[in-house]
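The structure appears right after this line, and notes come after that.
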Amino acid sequence: HSKAALDHIDISNIVGAGNDWSEAVDIYINGRNRASKTFQGMARKDWAAAGIQDLSLYEAYATILSATGSGEPFLDSFNLDALYRNNTFEGQSEKMCDISIKKNLICTGLQYAQYEGV
Numbered sequence: 050h051s052k053a054a055l056d057h058i059d060i061s062n063i064v065g066a067g068n069d070w071s072e073a074v075d076i077y078i079n080g081r082n083r084a085s086k087t088f089q090g091m092a093r094k095d096w097a098a099a100g101i102q103d104l105s106l107y108e109a110y111a112t113i114l115s116a117t118g119s120g121e122p123f124l125d126s127f128n129l130d131a132l133y134r135n136n137t138f139e140g141q142s143e144k145m146c147d148i149s150i151k152k153n154l155i156c157t158g159l160q161y162a163q164y165e166g167v
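Here the sequence shown stands for residues 50 to 167, where the numbers follow my numbering.
The following block contains the structure:
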């Protein structure tokens, strides 16, 4: 997962510099330092398929964070909304989107580590 941390740093640097976010979106979707484990791939993991019996906590997050209301995949939806500055982040300031994507990538990594621990 250390290579994913490098992708996180790259995305944060791009976002923080106010550069064209298309590069940050590309890294999020395709990875840069480890293409086999991208943030989007981590955000789309199917917890039910992993054998989690009680999905109530996952479903609670999905209900709150999904702009579509469908709840699937809420983490990817939230990350992309922050990167594209739409749906959940419609009308929010650039600073709010910057902070949200940087912090939510941490959440994505932590949630993926929890997923792997199942």
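Yeah, the Cβ is synthetic: ideal placement off N, Cα and C, and Gly gets one too.
Sort the options by Cα distance to residue i and report the nearest one.
i	options	result
Asp-125	Ile-150, Ala-66, Asp-69	Ile-150
Pro-40	Arg-83, Ser-142, Ala-92	Not covered by the structure: residue 40. The range shown for the chain is 50 to 167.
Gln-89	Ala-73, Glu-143, Gly-67	Ala-73
Arg-81	Gly-65, Ile-58, Val-64, Asn-68	Ile-58
Ser-61	Gly-166, Glu-165, Asn-128	Asn-128
Please classify residue i: does DSSP put it in a helix, a strand, or coil?
i	result
Asn-135	coil
Ile-101	coil
Ser-71	helix
Ala-109	helix
Asn-128	helix
Lys-52	helix
Gln-141	coil
Ala-162	helix
Ala-85	In the sequence as displayed, the identity of residue 85 is Ser instead of Ala. Reduced to three states, the DSSP call for Ser-85 is coil.
Lys-94	coil
Given a cut-off of 8 angstroms, decide if residue j and residue i are closer than it, judged by their beta-carbon atoms.
i	j	result
Arg-101	Thr-87	The sequence shown places Ile at residue 101, not Arg. No, Cβ-Cβ distance for Ile-101 and Thr-87 is not below 8 angstroms.
Ala-162	Cys-146	no
Ala-53	Arg-83	yes
Ile-76	Asp-103	no
Open item on the list: When you compare the segment 131-141 with the segment 156-165, are there three or more beta-carbon pairs, one atom per stretch, that lie closer than 8 angstroms?
Closed with: no
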